[in-house]
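Undergrad: The structure is given below, and queries will be raised subsequently.
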């Protein structure tokens with residue numbers, strides 16, 4: 019895998035050299051090291067894969083050079099410094115990537131000041147796109163999944179308990195779910211916020227168990243924390259007590275499911291992407307991914323955000339024939355529709371520069387011996403960020 | 004609770020040997036990975052895999068001790084801190100290279116899952132098992148250190164190495180064995196606890212603070228100390244998260260401060 | 029380790045860092061934002077050196093002051109419209125000093141591991157407060173929109189980091205002057221004495237505890253100023269300025285450079301941050317492996333840090349040349 023990467027990088031560097039005049043430089047900032055260092059590669063691989071498969075479509079003579087940088091995790095001042103260098107020293111045409119909200123917020127003023135379009139491929143706090151007119155987001159907002167989840171849950175359950183990590187996205191999720199659930203006639207019987215680094219969930223689970231809600235809505239950052247929550251959920255007998263575990267799709271990411279094992283069965287989530295989705299575009303995407311990076315590798319929602327983000331960048335380049343102008347690029351982004359995304363048809367909201375996408379209700383089931391997020395219902399085909407919609411009404 | 008089994012190993016190296024080993028979590032992580040590999044690849048049953056983790060980590064730690072640690076016994080605290088941080092970073096990169104980004108999957112045997120009913124309340128079987136196991140371990144260790152010849156030799160060697168050597172104790176071998184025991188216990192803890200504290204490459208750094216707190220609060224050089232501290236902090240932390248979850252994250256630090264200000268050497272610390 | 033030196037005059041080689049910094053400004057205009065970051069960390073490392081290297085206080089909680097300073101400046105600039113950079117610095121210094129004196133007075137009676145844990149607990153508590161008080165600090169999203177007025181009404185913080193670099197350089201220079209002055213005073217001698225032999229300092233009647241509290245407060249103040257500088261340069265504050273990680277990083281930088289020698293605080297951050305910057309670009313997924321190896325090597329072969337090595341070479345060299353001279357006679 020590493021050799022592939024090196025070869026790719028070398029090839030890119032060489033090709034960039036050959037056609038220097040027509041090189042589009044993308045400054046790609048994500049997290050490769052630190053506690054969340056596993057997330058960066060999911061994004062970079064998607065970008066590289068897209069470039070590899072679609073390079074032919076670029077106008078003749080135009081090449082893309084991807085300059086990758088490590089922001090080491092939620093580390094805004096490092097992210098800002100990197101963005102500044104990418105703009106000043108490497109003279110990039112575009113900024114892209116970013117896993118974490120604080121990093122995106124720290125980079126926003128640079129995008130504004132330097133007039134460089136900034137394609138956000140993951141960071142999901144609702145406010146980000148309001149911070150710079152040069153920001154376009156191709157990932158998601160937490161409201162987009164948690165709000166429909168609340169609406170759906172209100173039809174099924176009477177009472178709910180929410181458990182979220184104590185940070186921005188967690189607060190977003192708690193508020194979105196709560197608003198929709200209460201508006202639909204449900205009752206929140208309890209809400210608790212746990213520290214971001216929390217190894218043991220038994221105490222919280224006991225608390226939830228004693229409150230006897232119909233369902234428990236959980237949001238914690240994707241990854242092994244989610245596994246720990248699932249195991250504790252089962253260990254403390256909440257599953258047997260008839261409490262349904264639900265949440266935004268972050269809690270059952272595809273790559274983490276094998277680690278969770280049987281305990282995850284039956285968990286209901288709402289999300290925009292599942293690697294198990296049966297749309298042709300997605301089947302193709304997953305197959306290409308496995309071919310490129312190995313049979314045991316699976317793309318996840320970060321990959322899809324980055325894949326679609328790269329598709330948007332290609333659109334900008336193609337429409338402008340390789341000569342990128344910041345204002346024009348943003349205009350193109352606002353008009354952008356992409357029907358062939360692995361997650362279904364998506365577009366960019368011209369008012370907010372945020373993504374409009376379908377949201378699916380999924381259940382963890384066993385498929386061919388493996389656990390998978392099986393899409394069972396489409397809750398909305400073109401969901402705008404509910405937070406911004408609610409803000410407008412105010 | 005699992006923090007205790009890991010920390011008790013740290014108490015052995017740090018307390019008995021007087022080495023500030025921040026890299027202790029590395030051994031715990033190694034234990035967890037070995038357990039996962041032994042179970043998944045070689046199909047060993049859980050108890051056997053735990054044993055393998057203990058043995059392999061001990062053996063591996065002897066190599067490290069000979070090559071690196073032994074050079075630093077006489078060095079200052081700062082050098083030891085810096086060295087072990089370096090070791091953490093190296094091990095994290097290696098673990099990531101070998102085991103990839105995700106946590107190693109660990110599945111408990113069925114008899115450890117589910118719940119047991121004690122006095123009309125449900126307790127998770129796994130946790131009850133861990134607590135009982137820890138209690139047994141502490142008893143064995145306490146006996147070893149306080150009542151056997153080996154324990155006496157270790158205590159003598161730490162108090163005055165030159166003197167111990169002059170009365171014919173092979174301190175080199177003694178330290179090596181003690182270090183192996185401490186690291187092995189860490190490996191054991193990491194393996195046993197892998198279901199609660201998922202084993203991932205970032206493990207040594209993530210749980211560093213908890214290990215340190217348990218040892219500092221318990222007191223250096225004491226075996227009872229870390230056990231009581233882990234129990235106390237574990238119970239207080241859980242209770243606090245249950246009753247007043249808003250302050251869940253504060254409590255552990257506030258409690259640490261309060262205890263350390265009240266008893267600067269820790270609950271059962273031996274005066275330096 | 030060097031400590032008390034009776035000759036307070038500035039030796040010519042002490043001008044070297046400043047010449048390098050000014051040269052960097054003209055020769056490497058594209059690296060100034062990294063440069064400003066390095067300068068901030070040098071000031072932060074200096075403040076740690078004051079207590080760790082000279083007074084022997086071992087801490088993993090120095091980020092509490094750095095972070096408090098950063099948030100003080102940030103909150104003033106983002107929420108209260110206090111945009112004057114000097115006012116922000118002053119407020120940050122005051123806040124950090126206050127926290128320094130109040131915590132120092134409590135914890136400095138302890139030593140070694142206990143002290144290490146207490147300092148760690150303090151910075152962790154401050155971190156949790158910053159996370160919880162999200163209406164003021166922005167919580168985990170960070171505090172954005174920090175307004176900083178042009179310095180003296182003239183120099184705006186620009187995209188290339190020119191203003192930021194010069195501004196931080198001046199601040200560092202002043203901090204360096206202050207510390208240098210302090211170390212060459214009887215106060216500095218007393219600190220070294222406390223580090224080397226506390227019992228004896230008690231015996232000669234020195235007010236050990238109060239001296240420690242004083243120097244701790246001073247160091248906290250400087251760390252607070254460094255934090256505020258970082259905020260002003262970035263116009264953003266994130267939770268990552270608090271907690272174990274920044275403290276640990278800082279400790280590593282300082283030890284790498286050499287503890288207890290004024291210029292170790294200069295060399296360490298430069299080497300560490302540049303190595304990190306370079307390695308992270310080459311091998312983004314595995315760069316900390318290199319940093320780890322560097323640390324282990326320093327501990328095993330260069331106990332006094334990089335400057336310690338330089339000293340050894342220098343001594344070996346001068347010994348050889350002097351013996352050569354002797355034999356020539």
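Residue numbers (the working numbering), protein chains in the order written: chain X, 19 to 412; chain L, 4 to 275; chain Y, 29 to 357. We treat Cβ as the ideally placed atom computed from N, Cα and C, and that holds for glycine.
Under a three-way DSSP split, which group does residue 272/X fall into?
TA: Three-state result, residue 272/X: coil.
Undergrad: Between the region 336 to 349 of chain X and the region 392 to 400 of chain X, do at least 3 Cβ pairs fall closer than 8 Å?
TA: The answer is no - the region 392 to 400 of chain X does not touch the region 336 to 349 of chain X, with fewer than three Cβ pairs under 8 Å.
Undergrad: Our contact map puts residue 95/L next to residue 212/Y with C-beta atoms below 8 Å; I'd like the distance itself, whole angstroms only.
TA: Not quite, the Cβ-Cβ distance comes to about 42 Å (not below 8 Å), so this is no contact.
Undergrad: For a contact meaning CB atoms closer than 7 Å, what does residue 119/X contact in chain Y?
TA: In chain order: 169.
Undergrad: Closer than 8 Å, Cβ to Cβ, to anything on chain X: give me those residues from the region 165 to 198 of chain L, in chain order.
TA: Result list: 198.
Undergrad: Is the shortest distance between the beta-carbon of residue 147/X and the beta-carbons of chain Y less than 9 Å?
TA: Not one chain Y Cβ lies under 9 Å of residue 147/X.
Undergrad: Could you tell me which chain Y residues have their CB closer than 8 Å to the CB of residue 93/X, listed as they occur along the chain?
TA: 266 and 268, listed in chain order.
Undergrad: Nearest-angstrom Cα distance between residue 19/X and residue 31/L?
TA: In this prediction, residue 19/X scores a pLDDT of 49, lower than 50, which makes its location untrustworthy; the coordinate-derived value is nonetheless stated afterwards. The alpha-carbon atoms of residue 19/X and residue 31/L are separated by roughly 28 Å.
Undergrad: As a quick exercise: from 188/L, 236/L and 220/L, pick the residue whose alpha carbon is nearest that of residue 218/X.
TA: It is 236/L whose Cα lies nearest to the Cα of residue 218/X.
Undergrad: Note down the Cα distance separating residue 258/L from residue 87/Y, rounded to an integer number of angstroms.
TA: Going from the Cα of residue 258/L to the Cα of residue 87/Y covers about 19 Å.
Undergrad: Considering residue 178/X, what are the terminal residues of the beta strand (DSSP E) in which it resides?
TA: Its beta strand (DSSP E) spans residues 177 to 183.
Undergrad: Roughly how many whole angstroms lie between the Cα atoms of residue 263/Y and residue 372/X?
TA: Their backbone Cα atoms lie some 25 Å apart in a straight line.
Undergrad: Starting from residue 230/Y, trace the beta strand (DSSP E) in both directions and tell me its first and last residue.
TA: It is not in any beta strand (DSSP E) - residue 230/Y instead sits in the alpha helix (DSSP H) that spans 226 to 231.
Undergrad: Anything in chain L within Cβ reach of residue 48/X, meaning under 7 Å, just list it in chain order.
TA: Neighbours of residue 48/X on chain L: none; closest Cβ ~13 Å, over 7 Å.
Undergrad: Quick check on this structure: which residue in 300/Y, 309/Y, 335/Y and 338/Y has the alpha carbon closest to the alpha carbon of residue 322/Y?
TA: Comparing Cα positions, the closest option is 300/Y.
Undergrad: Are there 16 or more other CB atoms within 10 angstroms of the CB of residue 431/Y, so buried, or fewer, so exposed?
TA: This structure cannot settle anything about residue 431/Y, because the visible part of chain Y is limited to 29 through 357.
Undergrad: Mind listing the chain Y neighbours of residue 247/L? Cutoff is C-beta to C-beta under 9 Å, in chain order.
TA: Near residue 247/L there are no residues of chain Y at all, since even the closest Cβ is about 13 Å away, more than 9 Å.
Undergrad: As a quick exercise: from 190/X, 103/X, 311/X and 254/X, pick the residue whose alpha carbon is nearest that of residue 239/X.
TA: It is 190/X whose Cα lies nearest to the Cα of residue 239/X.
Undergrad: Between which two residues does the alpha helix (DSSP H) carrying residue 306/X extend?
TA: Segment 298 to 311, the alpha helix (DSSP H) holding residue 306/X.
Undergrad: Please report the Cβ distance between residue 92/X and residue 56/X, rounded to the nearest whole angstrom; I am assuming they are in contact, meaning their Cβ atoms lie under 8 Å.
TA: That belief does not hold up - the Cβ atoms of residue 92/X and residue 56/X are roughly 14 Å apart, past 8 Å.
Undergrad: So, for residue 60/X: in the same chain, excluding its five sequence neighbours on each side, which residues have a beta-carbon less than 6 Å away from its beta-carbon?
TA: If we look at residue 60/X and ignore the five residues flanking it on each side, its Cβ neighbours are 318, 320 and 321.
Undergrad: At a Cβ threshold of 9 Å, is residue 124/X touching chain Y?
TA: Cβ-Cβ to chain Y under 9 Å: yes for residue 124/X.
Undergrad: Under 9 Å between the Cβ atoms of residue 138/L and residue 28/L?
TA: The answer is no: Cβ separation not under 9 Å.
Undergrad: Interface residues of chain X around residue 188/Y at Cβ under 9 Å?
TA: Those are 102 and 106, listed as they occur along chain X.
Undergrad: Go through its chain and collect everything with a Cβ distance to residue 83/Y's Cβ below 7 Å, but skip five positions before and after it.
TA: Hits under 7 Å: 219, 222, 223, 240 and 243.
Undergrad: Report yes or no: is there a C-beta of chain L within less than 9 Å of the C-beta of residue 313/X?
TA: No, residue 313/X does not count as interfacial toward chain L.
Undergrad: Going along the region 362 to 383 of chain X in order, which residues come within less than 7 Å of chain Y, judged by CB to CB distance?
TA: Residues: none.
Undergrad: Please confirm if residue 200/L has its CB atom under 9 Å from at least one CB of chain X.
TA: Yes, contact with chain X.
Undergrad: Hey, quick one: how far does the alpha helix (DSSP H) through residue 42/L stretch, first residue to last?
TA: That run of the alpha helix (DSSP H) goes 27 to 45.
Undergrad: Interface residues of chain X around residue 36/L at Cβ under 8 Å?
TA: Within chain X, no residue comes near residue 36/L; the closest Cβ sits about 14 Å away, beyond 8 Å.
Undergrad: What do you reckon, are the CB atoms on residue 86/X and residue 103/X nearer than 9 Å?
TA: Contact: no.
Undergrad: Give a yes or no on whether the minimum CB-CB distance between residue 97/L and chain Y is below 9 Å.
TA: Yes, residue 97/L counts as interfacial toward chain Y.
Undergrad: Give the list of continuous alpha helix (DSSP H) stretches no shorter than 4 residues that lie fully inside the region 44 to 118 of chain Y.
TA: Taking only runs of at least 4 residues, the alpha helix (DSSP H) segments lying wholly in the region 44 to 118 of chain Y are 44 to 55, 60 to 77 and 91 to 107.
Undergrad: How about residue 217/L: is its Cβ closer than 8 Å to a heavy atom in the ligand MG?
TA: Among the ligands in the structure shown, none appear at all, so the ligand MG cannot be discussed.
Undergrad: What are the residues in the region 326 to 338 of chain Y lying within 9 Å of chain L by C-beta distance?
TA: Within the region 326 to 338 of chain Y, the residues whose Cβ lies closer than 9 Å to some Cβ of chain L are 326, 327, 328 and 331, listed in chain order.
Undergrad: Pull the bridge partners of residue 378/X from the DSSP assignment, please.
TA: In the DSSP output, where bridge partners are listed per residue, residue 378/X has 289/X and 396/X.
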